[in-house]
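> I have a structure I would like to understand better, so I am pasting it below and will then ask my questions one at a time.
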Amino acid sequence: MSIFVDETTRVCVQGITGRDGSFHTERMLAYGTNVVAGKTPGKGGETVHGVPVFDSVEEAVGETGANASVLFVPARAAAGAAIEAAEAGVGLIVCISEGVPTLDAARVYRRLSDLGVRMIGPNCPGIISPGKTKLGIMPGDIHTRGAVGVVSRSGTLTYEVVDQLRRDGQGQSSVLGIGGDPIIGTNFIDALSAFEHDGETEAVVLIGEIGGTDEEQAAEFVREHMTKPVVGFIAGRTAPPGKRMGHAGAIIAGGRGTAQEKIEALSGAGIPVADRPSEIPGLLRRSLGRGHD
Amino acid sequence: MKIHEYQARGILRSYGIPVPRFDVATDAEEAGKIAESIGGTVVVKAQVHVGGRGKAGGVKLAEDPNEARRRAKAILGMDIKGLTVGKVIVAEAVDIEREYYIGIVIDRSAKRPVCMVSEAGGIDIELVARVTPERIHRFPIDPLEGMTDGAAAELASMIEPEPEIAERVADVIGKLYEAFVGSDASLAEINPLVVTPGGEVWAVDAKMNIDDNALFRQPEIAEMRDTSEETDEMRTAREMDLSFVKLEGDVGCVVNGAGLAMTTMDLIKFYGGEPANFLDIGGSSSPEKVVAALDIIAGDSNVRAILINIFGGITRCDDVARGIVEALTRRPVSQPIVVRLTGTNESKAREILAERSFAAAETMDDAVQQAVELARGRA
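Okay, structure coming up:
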């Protein structure tokens, strides 16, 4: 098992004829992802890396049975693309697009909730279940199949942590980046809950950062609902207040959302918090009651 | 993006919210003329992007045009929390019977906008939230339905007892939501909303922040950016689409990805150094971005060592390596550079950098330690 996606996931790529869409479709195919369709209006009938392109997601779903969609569309078109995919009947949307207006994200989330469709992102690297499938832009080769679930608000920091896990010989069940925006579809609690119920996952790494209160709520959830060990890391201890640190959501506003608050909340819930990414593999081993093999 | 009070007032007025007469002045004479045309008592207010303008002496009443001139003269050029006042507004003063707070922000947990109202207007709302949170009423708004008349009326009735005036307050609440959505704001607040002894309702102060991600569809608001508060390095970063925040330390860093960039700063601190900046070159990075980034960092006279930390995913390490070589060819950098490149096309990058004498590091911990030591050695 793994969470949200596996080898049976049939993927549609929206924006497949664009530069990023085409590039990552090739990489996803090379990883073994079941990319069955692409969508770009006006390009129906073409193929990209052997994948048939359709004018609408509805057609793509009808012809190929796609049940998930990855969005590589410009930010201004992301809301429309996500709602189109949801209405066409896919169950999972992974929105890679960066720079989606916050109110668009709010409207999309509201509409998708009505339709019962999950969204990961926007502004995220996507999700990978190593050895099975990847829906996103993360480098596939650093991931190895195993029992650690990873959920993160970041992209490259997640790769850094996964690479540390790989060097330590700890594979992953699923790794997902939930995105750095103020409003995102899938949050920490959604991912933690899925990892808790996933048979393949034995422990979880939660990588948070300054801004908002998602980590605090996650800590509460872990305390009340999780039996599997969780190890945490929070980026932005040295971030000054009031400044947006790259991600639209990474900002200490009105004195709230500091790394210190989040570290205290996680520690208070019994979650060991690493000072450095390189401490994460060791903390995981300790949580699982394992020394070095 | 922050906009000034006078710009926010203009937006609110365009949505039909009652805003007292005002205009903007950049010198004392102009301020006097505005006061003359308004007549009666006016308020002169500094236009800078910081809170606490009143406490800093940047907001003053003036009973006649001459006093308005004197007040404007004193306020213009004043330093408020490091920013020099270049503009004031001169606005009609209104009599205050009661003062309310009305604001709309994005509630990240609820994933929708939330309207907040309080009968404790005219004071710092964050203070009210800390000390007497029960005095703030919150109402989440369905982003597909918008603010209904019923919701606006209910919110207004929570703060205003007189039904006739409450109707006016409700009208302002509805229009504020329209302005919030129509401007793609991340925050819109009126503090205070004043009720006069005669029962009139006026938005006496206005604050709006605009979602940077939506500026592409808000061309008029995008034009409102005040670049006078921007340094050269901030401008270069914005134009080159780099996320950059200047800090006070001496270890400069160039990183790809916001989370990794923050972690790099945190590690610098962990190993006893002080980061000079946050800088994220973003995802699909071109050599030009690396050139611009190195330009900004190397140009900071506080910087004693530079750390380049790249985890290649979509960012190709060879692109970054080419950027580094190009930057150093165009502009000699006096500070020592530590490079850590790993991931996509890592070996190609090593070949490109082989001819140059950089301190190369395998891991992030190693790279940060080297950079901190180099900076210390030059202190």
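Protein chains in written order, with my numbering: chain L, 1 to 293; chain A, 294 to 672.
Each residue gets a CB set at the ideal place from its N, CA and C atoms; glycine is no exception.
#1: Measure from the C-beta of SER193 (chain L) to each C-beta in chain A and report whether the shortest distance is under 8 Å.
#2: So which of L:PRO229, L:THR238, L:GLY212 and L:GLU216 has the shortest CA-CA distance to ALA248 (chain L)?
#3: Comparing the C-beta of LEU553 (chain A) with each C-beta of chain L, is any distance below 8 Å?
#4: Among the candidates A:ASN484, A:GLU455 and A:ALA444, whose CA atom is the shortest distance from the CA of GLU298 (chain A)?
#5: Start and end of the alpha helix (DSSP H) containing GLN217 (chain L)?
#6: Could you please give the first and the last residue of the uninterrupted alpha helix (DSSP H) stretch that includes THR17 (chain L)?
#7: Quick test of your reading: GLY185 (chain L) and MET119 (chain L), contact by CB under 8 Å. State the CB separation rounded to the nearest angstrom.
#8: Is there contact here, the region 421-428 of chain A with the region 257-273 of chain L, by at least three beta-carbon pairs under 8 Å?
#9: For ASP293 (chain L), would you say it is in contact with chain A, using Cβ-to-Cβ distances shorter than 8 Å as the test?
#10: Quick check: what's the CA-CA separation for GLU87 (chain L) versus LEU115 (chain L)?
#11: Just mark GLN260 (chain L) as buried or exposed, buried being the case when its beta carbon has 16 or more other beta carbons within 10 Å.
#12: Taking 7 Å as the limit between beta carbons, can you name the residues of its chain near ALA507 (chain A), skipping five residues before and five after?
#13: To the nearest angstrom, how far is the alpha carbon of LEU283 (chain L) from that of ARG669 (chain A)?
#14: Counting Cβ pairs closer than 8 Å, one from the region 250-267 of chain L and one from the region 141-152 of chain L, do we hit at least three?
#15: In whole angstroms, give me the CA-to-CA distance for VAL584 (chain A) and ILE599 (chain A).
#16: Using a C-beta to C-beta distance shorter than 7 Å, which residues of chain A count as neighbours of THR9 (chain L)?
#17: Which same chain residues end up closer than 7 Å to ILE16 (chain L) when comparing Cβ atoms and leaving out the 5 residues on each side of it in sequence?
#18: Roughly how many whole angstroms lie between the Cα atoms of PHE563 (chain A) and GLY80 (chain L)?
#19: Would you call MET533 (chain A) buried or exposed, if buried means 16 or more other Cβ atoms sit within 10 Å of its Cβ?
#20: Can you tell me where the alpha helix (DSSP H) holding ALA598 (chain A) begins and where it ends?
#21: Go ahead and pull the three-state DSSP assignment for VAL175 (chain L).
#22: Give, in chain order, every residue of the region 605-619 of chain A whose Cβ lies closer than 9 Å to some Cβ of chain L.
#23: Where does PRO101 (chain L) land, buried or exposed, given buried means 16+ other C-beta within 10 angstroms?
#24: Give, in chain order, every residue of the region 386-403 of chain A whose Cβ lies closer than 7 Å to some Cβ of chain L.
#25: In its own chain, which residues sit with a C-beta less than 7 Å from the C-beta of PHE221 (chain L), not counting the 5 before and 5 after it?
#26: Is LYS468 (chain A) close to chain L, meaning its C-beta is less than 8 Å from at least one C-beta of that chain?
#27: Consider the Cβ of LEU540 (chain A): report whether some Cβ of chain L lies at a distance smaller than 8 Å.
Quick look at the numbers:
#1: As a working note, residue 193 (chain L) is residue 193 in the first sequence. Among the CB atoms of chain A, none fall inside 8 Å of the CB of SER193 (chain L).
#2: As a working mapping, residue 248 (chain L) is identified with position 248 in the first sequence. The shortest C-alpha to C-alpha distance from ALA248 (chain L) to any of L:PRO229, L:THR238, L:GLY212 and L:GLU216 is the one to L:GLY212.
#3: Sequence index remark: in the second sequence, residue 553 (chain A) carries index 260 (1-based). By this cut-off, LEU553 (chain A) is an interface position.
#4: Taking the second sequence and counting its residues from 1, one reaches residue 298 (chain A) at position 5. Nearest option by C-alpha distance: A:ASN484.
#5: Taking the first sequence and counting its residues from 1, the one referred to as residue 217 (chain L) is at position 217. Per DSSP, the unbroken alpha helix (DSSP H) holding GLN217 (chain L) starts and ends at 214-225.
#6: Here residue 17 (chain L) is taken as the residue at index 17 of the first sequence, counted from 1. Looking at the DSSP string, THR17 (chain L) is not in any alpha helix (DSSP H), and its letter there is neither H nor E.
#7: The count along the first sequence starts at 1 and reaches residue 185 (chain L) at position 185. The count along the first sequence starts at 1 and reaches residue 119 (chain L) at position 119. Confirmed, about 3 Å.
#8: With the cut-off at 8 Å, the region 421-428 of chain A and the region 257-273 of chain L do not touch.
#9: The sequence position of residue 293 (chain L) within the first sequence is 293, counting from 1. Caution applies to ASP293 (chain L), whose pLDDT of 46 falls short of 50 and renders its modelled position unreliable; the value that the coordinates give is listed next. No, because no Cβ of chain A sits closer than 8 Å to the Cβ of ASP293 (chain L).
#10: One-based indexing of the first sequence puts residue 87 (chain L) at position 87. One-based indexing of the first sequence puts residue 115 (chain L) at position 115. The alpha-carbon atoms of GLU87 (chain L) and LEU115 (chain L) are separated by roughly 8 Å.
#11: Counting from one through the first sequence, the residue named residue 260 (chain L) turns up at place 260. So GLN260 (chain L) counts as exposed.
#12: Position 214 of the second sequence, counted from the first residue, corresponds to residue 507 (chain A). ASP477, listed in sequence order.
#13: As a first step, residue 283 (chain L) is located in the first sequence; it is residue number 283 there, counting from the start. As a first step, residue 669 (chain A) is located in the second sequence; it is residue number 376 there, counting from the start. Distance between the alpha carbons of LEU283 (chain L) and ARG669 (chain A): 31 Å.
#14: Fewer than three beta-carbon pairs drawn from the region 250-267 of chain L and the region 141-152 of chain L are found closer than 8 Å, and the two stretches are therefore not classed as touching.
#15: Position 291 of the second sequence holds residue 584 (chain A). Position 306 of the second sequence holds residue 599 (chain A). Near 13 Å, if we compare the C-alpha coordinates of ILE599 (chain A) and VAL584 (chain A).
#16: Position 9 of the first sequence, counted from the start, is the residue given in the question as residue 9 (chain L). Per Cβ cutoff of 7 Å: no residues; THR9 (chain L) is ~21 Å from chain A at best.
#17: Translated into the one-based positions of the first sequence, residue 16 (chain L) becomes position 16. Scanning its chain for C-beta atoms nearer than 7 Å, with the 5 sequence neighbours on each side dropped, one finds around ILE16 (chain L) the residues SER22, THR25, GLY38, LYS39, THR40, VAL48, VAL51 and VAL53, in chain order.
#18: In the second sequence, residue 563 (chain A) corresponds to position 270, counting from 1. In the first sequence, residue 80 (chain L) corresponds to position 80, counting from 1. Looking at the two C-alpha atoms, the distance is approximately 44 Å.
#19: Counting from one through the second sequence, the residue named residue 533 (chain A) turns up at place 240. With a 10 Å radius around the Cβ and a threshold of 16 neighbouring Cβ atoms, MET533 (chain A) comes out buried.
#20: By one-based count along the second sequence, residue 598 (chain A) stands at place 305. Per DSSP, ALA598 (chain A) lies in no alpha helix (DSSP H) segment; the continuous beta strand (DSSP E) that holds it begins and ends at 598-605.
#21: As a working note, residue 175 (chain L) is residue 175 in the first sequence. Correct three-state label for VAL175 (chain L): strand.
#22: Along the region 605-619 of chain A, the positions whose C-beta sits under 9 Å from a C-beta of chain L are GLY605, GLY606, ILE607 and THR608, read in chain order.
#23: One-based indexing of the first sequence puts residue 101 (chain L) at position 101. By the 10 Å Cβ count, PRO101 (chain L) comes out buried.
#24: Legend: CB atoms of the region 386-403 of chain A lying less than 7 Å from CB atoms of chain L belong to residues ILE399, ARG401 and SER402.
#25: Translated into the one-based positions of the first sequence, residue 221 (chain L) becomes position 221. Taken in chain order, the residues that qualify are ILE189 and LEU192.
#26: Here the question's residue 468 (chain A) lines up with position 175 in the second sequence. By this cut-off, LYS468 (chain A) is not an interface position.
#27: Working through the second sequence from its first residue, we reach residue 540 (chain A) at position 247. So, interface residue.
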